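Chemist:
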Amino acid sequence: MALLNRMEWYNLARTTNWTPTYVTEDELFPPSLSGDFDLPLTAWEVYDEPYKQTYPEYVKVQREKDAGAYSVKAALERSRIFENADPGWKSVMKAHYGAIARGEYAAASAEARMMRFSKAPGMRNMSTLGCMDEIRHGQMQLYFPHEHVSKDRQMDWAFKAYDTNEWAMIAARHFFDDIMMTRDAISVSIMLTFSFETGFTNMQFLGLAADAAEAGDHTFANLISSIQTDESRHAQIGGPALKILIANGKKAEAQKRVDIALWGAWKLFSVLTGPIMDYYTPLEHRKQSFKEFMEEWIVAQFERALTDMGLDLPWYWDIFLQELNDTHHGMHLGSYFWRPTVWWNPAAGVTPEERAWLEEKYPGWNETWGECWDVFIDNVVDGNMEKTYPETLPYVCNMCQLPILGVPGKKWNVKDYPLDYNGRLYHFGSEVDRWCFQQDPERYAGHMSIVDRFLAGMIQPMNLEGALKYMNIAPGECGDDAHNYAWAETYRALRETRKAANA
Amino acid sequence: MSTQKSAQAYHNNRVGPVMRAGDLAQAVIEAAKIDNPDKEIFVDDKRAYIRIHAEHEMILRQATIEEELGRPFRMNDLEVDLSSFAGQIESHDDSVRFYFTTKV
Chain A
5 MALLNRMEWY NLARTTNWTP TYVTEDELFP PSLSGDFDLP LTAWEVYDEP
55 YKQTYPEYVK VQREKDAGAY SVKAALERSR IFENADPGWK SVMKAHYGAI
105 ARGEYAAASA EARMMRFSKA PGMRNMSTLG CMDEIRHGQM QLYFPHEHVS
155 KDRQMDWAFK AYDTNEWAMI AARHFFDDIM MTRDAISVSI MLTFSFETGF
205 TNMQFLGLAA DAAEAGDHTF ANLISSIQTD ESRHAQIGGP ALKILIANGK
255 KAEAQKRVDI ALWGAWKLFS VLTGPIMDYY TPLEHRKQSF KEFMEEWIVA
305 QFERALTDMG LDLPWYWDIF LQELNDTHHG MHLGSYFWRP TVWWNPAAGV
355 TPEERAWLEE KYPGWNETWG ECWDVFIDNV VDGNMEKTYP ETLPYVCNMC
405 QLPILGVPGK KWNVKDYPLD YNGRLYHFGS EVDRWCFQQD PERYAGHMSI
455 VDRFLAGMIQ PMNLEGALKY MNIAPGECGD DAHNYAWAET YRALRETRKA
505 ANA
Chain B
-17 MSTQKSAQAY HNNRVGPVMR AGDLAQAVIE AAKIDNPDKE IFVDDKRAYI
33 RIHAEHEMIL RQATIEEELG RPFRMNDLEV DLSSFAGQIE SHDDSVRFYF
83 TTKV
């Protein structure tokens, strides 16, 4: 039987709005869930998804993608890639799966909200497929790490992390809850699919795939790049919504949502993806620096597409570009120093060769971040290990929930951005974090950061032991140096050589 | 200095697919050359993914990809390895178009 070409029936098939007669439009599409932009149903009916797909096409294509990803996994299962991998690379996998896998189910829920509550029929259609995409991502990213749980207890955090009060997970949940779990359908399309998925997911699922391929981890490279083929389709859900808002005089509201989501994503990726790419991935397998990946995916690709849609660069563009040089180095230093509080083993990544690479990619690294590492290295070489662990907590930002940091050493610029709101003093890591909070203070005001909880006595006993218990980090799961400080031997030898030369 | 370099990355008009490496990506590279005869096709191979770009607009036709691939191919099958793309997209039954509406 001859089949009609898709475009001969597509537009008719997705014209599924009707005029409700038994209920009001607001009852059918409650504004708080649908998106109250004061636009009538008809305004949303011109929504035209640029990347079209039908259900039969979806099933065929997804089947092919799954067959590819699972067959690569099966073929390489006996190759002992995990067992033989550099410990730094294992930490990449642990951090990735823990921070991402269960969040995919949250994304499925957000897609489901667009599927039911969007007033745009085309959006409902595409997010039906998007919802199934996200369920696929959740299932795969729990199934793939599962084979390693028996070999390494930290791998269990692929499943566990999302349910804990581990500090990085509080930050991840705070961001994902903000852009996808607590927003109306239209805002989800702008903040999750457009801002996050056309932009940042490329960093984690393609940039990191490039490093994975270099590291020989083809199972992981193939898995995450396969996931991104779903993203590239359903990330297009937000674009037409943006165009409708702009055409109806709502550009400022659209822009604000993009700017908030982009900043939150940046901060989260500065702690998750930055250290992975520039410190954990073995030097010889680094395809590009984190900053170079950011320039490729976010500056050149995402922001260029954003302005092509009729939006402006965010007001904090210059601050953002400056942070590309700095923030993730501070996040790495912090998460390494507080390593007992993460579910992976951070790689220090500061051998002389690695420092030369960092200096080349980030001129000035040695006289700033390097000065902190000099002290740390001396302590390790001197055997003063107690000085290499934290005794206090860092102050964390009330917006991004990540440590407040600045550049140390010769470019010292550490600064707090405080705000008094309804009698409570909030602290922020940047002018932009404070601005995000101020756009909708009531949305964020009641949240307590991990430090607020500590000071309120919610973490007992008030020491590292109590903190680990609160963060659900069991003995045997605590992070420590990925290479058990073997890298410090080079510095010990250097010191001996210097001593001999001076003798 | 380095911040200026970052800012410069924004000033580009390149559009086109970012494909997972494989035979489809190779067919798309050839098809891009054939279907966009007046344009230079930029190929940047990052091993796990390959950027295939042209200035301002790129069209890929189903028939050309099928010919280059040497097996039946429907336009929608592109998605199997289409990890990302630069620019905006417009999808049709027998072609796909990547484009920018503005020039910087």
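Chains as they are written, first to last, in the working numbering: chain A, 5 to 507; chain B, -17 to 86. Positions of the beta carbon are idealized from the N, C-alpha and C atoms, including for glycine. Note that the structure is a prediction, hence the values are computed from the model and not measured.
(1) Apart from the five residues on each side of it in sequence, which residues of its chain come closer than 6 Å, Cβ to Cβ, to B:S73?
(2) Among A:N426, A:A79, A:D420, A:R428, which one has its Cα closest to the Cα of A:E435?
(3) Report the rounded CA-to-CA distance for A:N206 versus A:E299, giving the unit in angstroms.
(4) Kindly confirm or deny that the region 447 to 461 of chain A and the region 60 to 68 of chain A touch, where touching means at least three C-beta pairs closer than 8 Å.
(5) With a threshold of 7 Å between beta-carbons, can A:Y55 be considered close to chain B, or not?
(6) With 16 other CB atoms within 10 Å as the buried threshold, where does A:A239 fall?
(7) B:H74 versus chain A: which residues are under 7 Å apart at the beta carbon?
(8) Can you confirm whether A:L315, when its beta carbon is compared against all beta carbons of chain B, has any partner nearer than 7 Å?
(9) Note down, in chain order, each residue of its chain lying with its Cβ closer than 7 Å to the Cβ of A:W361, except the 5 sequence neighbours on either side.
(10) Per DSSP, what kind of secondary structure is A:S95 in: helix, strand or coil?
(11) Report yes or no: do three or more beta-carbon pairs, one from the region 138 to 149 of chain A and one from the region 102 to 121 of chain A, lie closer than 8 Å?
(12) Since A:H289 contacts A:D215 with CB under 8 Å, what's their CB separation in whole angstroms?
(13) Report the neighbours of A:L325 on chain B: residues whose CB is nearer than 7 Å to its CB, in chain order.
(14) For B:G4, is the classification buried or exposed, using 16 other Cβ atoms within 10 angstroms of its Cβ as the cut-off for buried?
(15) Using beta-carbon positions only, say whether B:D63 and B:R2 come within less than 7 Å of one another.
(16) Suppose you measure from the CA of B:M(-17) to the CA of A:Q442; what does that come to, to the nearest Å?
(17) Assuming A:P91 and A:A351 are in contact, meaning their beta carbons sit under 8 Å apart, how far apart are those beta carbons, in whole angstroms?
(18) My output table needs one value for A:A492: the three-state DSSP class, helix, strand or coil.
(19) Between which residues of its own chain and A:K503 is the CB-CB distance below 7 Å, once the five residues before and five after are set aside?
(20) Can you tell me whether A:T197 is buried or exposed, with buried defined as 16 or more other CB within 10 angstroms of its CB?
(21) For chain B, find out if any of its Cβ atoms is closer than 7 Å to the Cβ of A:A245; answer yes or no.
(22) For A:K155, does the count of other Cβ atoms within 10 angstroms reach 16, so buried, or fall short, so exposed?
(23) Can you check DSSP and say which residues form a bridge with B:S73?
(24) So which residues of chain B does A:N1 contact, with C-beta pairs closer than 7 Å?
(25) Starting from the N-terminal side, write out each stretch of the alpha helix (DSSP H) that is 4 residues or longer and does not extend beyond the region 225 to 263 of chain A.
(26) Taking contact to mean 3 or more Cβ pairs, one atom from each stretch, closer than 8 Å, check whether the region 254 to 269 of chain A and the region 315 to 326 of chain A are in contact.
(27) Beta carbon of A:G483, beta carbon of A:V346: below 7 Å?
(28) Using a Cβ cut-off of 7 Å, which residues of the region 53 to 71 of chain B contact any Cβ in chain A, in chain order?
(29) Should A:A213 be listed as close to the ligand HEM, given that the test is whether its C-beta is under 6 Å from any heavy atom?
(30) Which residue spans inside the region 14 to 70 of chain B form an unbroken beta strand (DSSP E) run of at least 3?
Modeler: Let me lay it out:
(1) Reading the second sequence from its first residue, position 91 is the one you call residue 73 of chain B. Result list for B:S73: empty, nothing under 6 Å.
(2) By 1-based counting over the first sequence, the position of residue 435 of chain A is 431. Residue A:D420 is the option with its Cα nearest to A:E435.
(3) Stepping through the first sequence from its first residue, residue 206 of chain A is reached at position 202. Stepping through the first sequence from its first residue, residue 299 of chain A is reached at position 295. If I take the Cα positions, the gap works out to 12 Å.
(4) no
(5) In the first sequence, residue 55 of chain A corresponds to position 51, counting from 1. Taking Cβ atoms only, chain B reaches closer than 7 Å to A:Y55, which makes this a yes.
(6) Counted from its first residue, the first sequence places residue 239 of chain A at position 235. Looking at its Cβ environment, which holds 16 or more other Cβ atoms inside 10 Å, A:A239 is buried.
(7) As a working mapping, residue 74 of chain B is identified with position 92 in the second sequence. In chain order: M11.
(8) What you label residue 315 of chain A is simply residue 311 of the first sequence in a count that begins at 1. No, its Cβ sits nowhere closer than 7 Å to a Cβ of chain B.
(9) If you number the first sequence from 1, residue 361 of chain A lands on position 357. Once the five neighbours on either side are set aside, the close Cβ partners of A:W361 are L287.
(10) As a first step, residue 95 of chain A must be located in the first sequence, where it is residue number 91. Here A:S95 sits in helix by DSSP.
(11) yes
(12) As a position in the first sequence, residue 289 of chain A is number 285, starting the count at 1. As a position in the first sequence, residue 215 of chain A is number 211, starting the count at 1. Rounded, the Cβ-Cβ distance is 6 Å, consistent with contact.
(13) As a first step, residue 325 of chain A must be located in the first sequence, where it is residue number 321. Per Cβ cutoff of 7 Å: T(-15), S(-12), A(-11).
(14) Here residue 4 of chain B refers to the residue found at position 22 of the second sequence. So B:G4 counts as exposed.
(15) Numbered from 1 along the second sequence, position 81 holds the residue referred to as residue 63 of chain B. Numbered from 1 along the second sequence, position 20 holds the residue referred to as residue 2 of chain B. Against a cut-off of 7 Å, the Cβ pair of B:R2 and B:D63 comes out as a contact.
(16) What you label residue -17 of chain B is simply residue 1 of the second sequence in a count that begins at 1. What you label residue 442 of chain A is simply residue 438 of the first sequence in a count that begins at 1. Interpretation of B:M(-17) is limited by its pLDDT of 44, a score under 50 that renders its predicted location unreliable; no figure is taken from the coordinates.
(17) What you label residue 91 of chain A is simply residue 87 of the first sequence in a count that begins at 1. What you label residue 351 of chain A is simply residue 347 of the first sequence in a count that begins at 1. Yes, they are in contact, since the Cβ atoms of A:P91 and A:A351 sit about 7 Å apart, within 8 Å.
(18) Taking the first sequence and counting its residues from 1, the one referred to as residue 492 of chain A is at position 488. Note: A:A492 maps to helix in three-state DSSP.
(19) If you number the first sequence from 1, residue 503 of chain A lands on position 499. Result list for A:K503: empty, nothing under 7 Å.
(20) By one-based count along the first sequence, residue 197 of chain A stands at place 193. A:T197 is buried by the Cβ-count criterion.
(21) Taking the first sequence and counting its residues from 1, the one referred to as residue 245 of chain A is at position 241. So no, A:A245 is outside the interface.
(22) Translated into positions along the first sequence, residue 155 of chain A becomes position 151. When all chains shown are included, A:K155 counts as exposed.
(23) Taking the first residue of the second sequence as 1, we reach residue 73 of chain B at position 91. B:V78, per the DSSP bridge assignment.
(24) Since the displayed chain A opens at 5 and closes at 507, residue 1 of chain A lies outside it and no answer follows.
(25) 242 to 251
(26) yes
(27) For the purposes of this step, residue 483 of chain A is taken as residue 479 along the first sequence, with counting starting at 1. For the purposes of this step, residue 346 of chain A is taken as residue 342 along the first sequence, with counting starting at 1. Taking 7 Å as the Cβ cut-off, A:G483 and A:V346 qualify as a contacting pair.
(28) N58, D59, E61, V62, D63, L64, S65, S66, F67, A68, G69, Q70, I71
(29) Inclusion of the ligand HEM in the displayed structure is not the case, the ligand content being empty and no account of it being possible.
(30) 24 to 27, 31 to 37, 39 to 43, 64 to 68
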